[in-house]
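Q: Here the protein sequences come in this chain order: A and B. Under my numbering, think of the first position of the first sequence as 1, with each following residue one higher. Under my numbering, think of the first position of the second sequence as 1001, with each following residue one higher.
Number of protein chains: 2
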Amino acid sequence: MSVTAARGFTAAGIAAGIKQNGNPDVALVVNEGPKAAAAGVFTANRVKAAPVQWSQQVLKGGTVRSVVLNSGGANACTGPQGFESTYATAQKAAALLGHSVSEVAVCSTGLIGVQLPMDKLLPGVERAVAARSASGGEQAAVAIKTTDTVHKQSVYDGEGWTLGGMAKGAGMLAPGLATMLVVLTTDADLDSAALDRALRAATRTTFDRVDSDGCMSTNDTVLLLASGATEVTPPHEEFAEAVRTVCDDLARQLIGDAEGSSKDIRIEVVGAATEDDAVEVGRTIARNNLLKCALHGEDPNWGRVLSAIGTTNAAFEPEQLNVAINGVWVCKGGSVGEDRELVDMRGREIRITADLNTGGDSAVIWANDLTAEYVHENSEYAS
Amino acid sequence: MSVTAARGFTAAGIAAGIKQNGNPDVALVVNEGPKAAAAGVFTANRVKAAPVQWSQQVLKGGTVRSVVLNSGGANACTGPQGFESTYATAQKAAALLGHSVSEVAVCSTGLIGVQLPMDKLLPGVERAVAARSASGGEQAAVAIKTTDTVHKQSVYDGEGWTLGGMAKGAGMLAPGLATMLVVLTTDADLDSAALDRALRAATRTTFDRVDSDGCMSTNDTVLLLASGATEVTPPHEEFAEAVRTVCDDLARQLIGDAEGSSKDIRIEVVGAATEDDAVEVGRTIARNNLLKCALHGEDPNWGRVLSAIGTTNAAFEPEQLNVAINGVWVCKGGSVGEDRELVDMRGREIRITADLNTGGDSAVIWANDLTAEYVHENSEYAS
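What follows is the structure in structure tokens.
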């Protein structure tokens, strides 16, 4: 399963004592080869955690032989000491595994602004290296959890090759404390340029369109590693579709486990003049706190959808907007449409369709409702 | 008090039965003259309620003799019928008061997407016209409340002239259902151009910098009426300062009574390259749900401030950011600063200072925390 589903990978997840509750907090993924091509995408936040800054440099080389991940601390906003911690982590793994330090990526997740306990992390890396195995994927997926209630894995079986992955967090635009980390592995034989192309295309319409709470993390990282162990090079379209499928599956798992959520909200914007317009409108709807509260209360309050759309710069005329909630067109022509009492909102998934009536482009954004549990969870995190 | 503090104004607030709980829901403000200059600012939302579209046209004439306001329904997204309702309301007041219909402004607040019960509103207008008096300001302030727990008024005494006002709602960027309506009145003798200049300058740094929940209403309206009853024409600077003072007072009252809030958050951005940068950064901090939850929990989680700043386009270097919470510089140089345990957050007001260390401009944004009560209130509004 997970990051060890593909041949040529080992992994481990162990408890190093970074988390005070004793839960697993250090994960390791090792590309045992024969090849070690890699690609990565990172948070667009200008305040980037030390491990993001480090791993961005590593990925420029196009080769990643191992990834060390820790939960229990984001190592963001930690200054030169934080960068030193990331470097020491990579150095430790490199020395133990016989890799070059510039081929070791590092990911961290947890509270911002706290230094990592290196006296616990470095021995943890040593134990993870020793514990790694071809069946260690699930343990690794467990060790990267923060506020996740379940670990997230996905596997795609290609024609003679496999793609697997693990994820934690609540979205690319995720809590600054429960950042999204994803590691994907494949035994297909592809170079870093091919991996990069497939990964960027996939994240653009999956992780980038998940918006749990509008907050963008300092640590978000998605890595794709290829061992070439099968010596199979799939056609680009086939591989790209596999990456998209696995990313979509993991993204949906993230939304389904977002902090305090009780509803998964699928927002489809159609009839947009451009895809950018569709994304802007979808994201703005996704971030409207009043709507998120209303949906939590199973209230088909379409007025809040319209007032959200009205704050965007997308091309539309207010009197031509149509909005459906769970298939009922409660707003037609910018005004009262079908009876709101017809909308059944009891299920976990809520579908909103906003028709801008301007063009032929569309986009889907996934979001969550806003709940008292979200408030509780995020008002008590650090204290 | 309120809109009848200045000479030349009468007002009333009555219960017309629009609100099902029988609370007052129709207010009237009449400029008895001798003059009737006016200015107004309106929501920037592209989805504008019928009364906003109507009143914008009225204000183009520069003359307003009366304002009819109703709570219990926003008359937004109500199509041609909604516009007809607004027009009929203005017509009714104009006929009863002997005004031209084009001199009657209309404001509505309440749920979006529901037609107003004209069989109740029009008789209500008739009763309000009959009930109006020079001491009716407070009743008017009460009648425009929606989820407000208290009515809001403010008065400024000039040299031989007075400025008074009333407000309801939670901010210019306010719930789409508890929209901000403000009526200011003065007995100074000023033309509409002078009123407009003072009002725009005042709202730019007061109502426009209040951000309770990031949601922009379809109905926000701020009107300033001058009767000229004192025949005093104050110097522009003096009058502008009075308008700014009253707007600031009312804006603070709105924040202090925002839905479900337990903390008022004063965000000051200093060291910005431009005022626009300062406002963008302040607003982005103000809208970060994770930070709003943390502050509710009295957790000085400055990492969430930095991760919010990192999503803006303002000029800054991450490693030069400083952040203080209630006077304690918990973040220095983008990293760990003074001990977070030193921050006392028990009071209602929380002060955040973000120093971008780039230039000499600054701005203050007022916001609220995010609470379980906000979720409860807004998940049960319509149902």
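Beta carbons: idealized from backbone N, C-alpha and C, even for Gly.
If we require 4 or more residues per run, which alpha helix (DSSP H) segments fall completely within the region 1293 to 1377 of chain B?
A: Segments of the alpha helix (DSSP H) lying fully in the region 1293 to 1377 of chain B: 1302 to 1309.
Q: Got a sec: which bits of the region 215 to 231 of chain A sit with their beta carbon under 7 Å from any beta carbon on chain B, in order along the chain?
A: Within the region 215 to 231 of chain A, the qualifying residues are C215, M216, S217, T218.
Q: Interface residues of chain A around B:G1079 at Cβ under 8 Å?
A: E319, G333, G334, S335, V336, listed in chain order.
Q: What three-state label does DSSP hand B:A1037 in the structure shown?
A: Reduced to three states, the DSSP call for B:A1037 is strand.
Q: Taking the C-alpha atoms as reference points, what is the distance between A:V155 and A:A5?
A: In a straight line, the C-alpha of A:V155 is about 7 Å away from that of A:A5.
Q: Say whether the region 360 to 380 of chain A touches the region 252 to 260 of chain A, bearing in mind that this needs 3 or more beta-carbon pairs closer than 8 Å, one atom from each stretch.
A: Touching, yes, given that three or more Cβ pairs across the two stretches are closer than 8 Å.
Q: Are the beta-carbon atoms of A:R287 and A:A294 separated by less than 7 Å?
A: Not in contact: A:R287 and A:A294 (Cβ atoms no closer than 7 Å).
Q: Between A:L334 and the rest of its own chain, which residues show a CB-CB distance below 6 Å, the 5 nearest in sequence each way excluded?
A: At residue 334 of chain A the sequence reads Gly, which differs from the Leu that was named. Counting only Cβ-Cβ distances below 6 Å, and skipping sequence neighbours, we find P318, E319, L321.
Q: I'd like to know if the region 1229 to 1244 of chain B and the region 1351 to 1362 of chain B are in contact, where contact means that at least 3 CB-CB pairs between them fall below 8 Å.
A: No, the region 1229 to 1244 of chain B does not touch the region 1351 to 1362 of chain B.
Q: Comparing alpha-carbon positions, which option in B:S1379, B:G1073, B:F1316 lies nearest A:M345?
A: Here the closest residue by C-alpha is B:S1379.
Q: The beta strand (DSSP E) with A:F207 in it runs from where to where?
A: Note, A:F207: premise wrong, no beta strand (DSSP E); not H, not E.
Q: Hey, how far is the Cα of A:S192 from the Cα of B:P1051?
A: Answer to the nearest angstrom: the Cα atoms are 58 Å apart.
Q: Could you pull the DSSP bridge partners for A:T162 from this structure?
A: According to DSSP, which records beta bridges pairwise, A:T162 is partnered with A:D157.
Q: CB B:N1070 to CB B:V1026, shorter than 7 Å?
A: Yes. Within cutoff.
Q: Let me check you understand the geometry: is the CB of B:L1181 closer than 6 Å to at least one non-hydrogen atom of the ligand FMN?
A: The ligand FMN is not among the ligands present in this structure, which contains no ligands whatsoever.
Q: Using a Cβ-Cβ cutoff of less than 7 Å, which residues in the same chain neighbour B:K1145 once the five nearest sequence positions on both sides are dropped?
A: Here the set comprises S1071, H1151, K1168.
Q: Give me, in chain order, the residues of the same chain whose beta-carbon lies closer than 6 Å to that of A:N301; leave out the 5 immediate sequence neighbours on both sides.
A: The residues are A294.
Q: So what does DSSP say about B:V1279, is it helix, strand or coil?
A: B:V1279 falls in the helix class under three-state DSSP.
Q: According to DSSP, is B:L1225 part of a helix, a strand, or is it coil?
A: Of the three classes helix, strand and coil, the one that applies to B:L1225 here is strand, per DSSP.
Q: According to the Cβ coordinates, are A:A141 and A:S2 closer than 7 Å?
A: Yes, the pair counts as a contact, with Cβ atoms nearer than the cut-off.
Q: State the DSSP-derived secondary structure class of A:R266, mapped to helix, strand or coil.
A: The answer is strand: DSSP assigns A:R266 an E or B state.
Q: With a cut-off of 7 Å, does the C-beta of B:L1190 fall near any C-beta of chain A?
A: Judged by the 7 Å Cβ criterion, B:L1190 is not in contact with chain A.
Q: For the beta strand (DSSP E) that A:I18 lies in, which residues bound it at each end?
A: Premise fails: A:I18 is in no beta strand (DSSP E) and is neither H nor E.
Q: Would you call A:K19 buried or exposed, if buried means 16 or more other Cβ atoms sit within 10 Å of its Cβ?
A: So A:K19 ends up on the buried side.
Q: Would you say B:D1213 reaches chain A, if we count a Cβ-Cβ gap shorter than 7 Å as a contact?
A: Yes - at least one Cβ of chain A is within 7 Å of the one on B:D1213.
Q: With respect to the alpha helix (DSSP H) encompassing B:C1215, which residues constitute its N-terminal and C-terminal limits?
A: It is not in any alpha helix (DSSP H) - B:C1215 carries neither H nor E in the DSSP assignment.
Q: Spatial neighbours of A:A240 within its chain, please: CB distance less than 8 Å, with the 5 preceding and 5 following residues excluded, ordered by chain position.
A: Cβ within range, chain order: R197, A198, A201, A202.
Q: Roughly how many whole angstroms lie between the Cα atoms of A:G310 and A:L121?
A: Cα to Cα, A:G310 sits roughly 49 Å from A:L121.
Q: DSSP three-state label for A:L111, please.
A: Residue state, collapsed to three classes: coil.
Q: Measure the alpha-carbon distance for A:H296 versus A:D369 and round it to whole angstroms.
A: Going from the Cα of A:H296 to the Cα of A:D369 covers about 5 Å.
Q: Are the beta-carbon atoms belonging to B:V1125 and B:V1068 less than 7 Å from one another?
A: Yes, these two residues count as a Cβ contact at 7 Å.
Q: Which residues, in order along the region 45 to 57 of chain A, keep a beta-carbon less than 8 Å from a beta-carbon of chain B?
A: Here the close residues are N45, R46, V47, K48.
Q: Note down, in chain order, all residues in the region 1359 to 1377 of chain B with a beta-carbon under 9 Å from any beta-carbon belonging to chain A.
A: For the region 1359 to 1377 of chain B, which is checked against every Cβ of chain A, the residues closer than 9 Å are D1369, L1370, T1371, A1372, E1373, Y1374, V1375, H1376, E1377.
Q: Could you tell me how far apart the beta carbons of B:I1267 and B:I1365 are, in whole angstroms, since I believe they sit closer than 8 Å?
A: That belief holds up - the Cβ atoms of B:I1267 and B:I1365 are roughly 5 Å apart, short of 8 Å.
Q: Could you name the residues of the same chain whose beta carbon sits closer than 6 Å to that of B:R1351, not counting the 5 residues immediately before and after it, in chain order?
A: Here the set comprises R1266, N1326.
Q: Taking A:A194 as the reference, which of A:P117, A:E237, A:S102, A:T218 has the closest Cα?
A: If we check each option's Cα against that of A:A194, A:E237 comes out closest.
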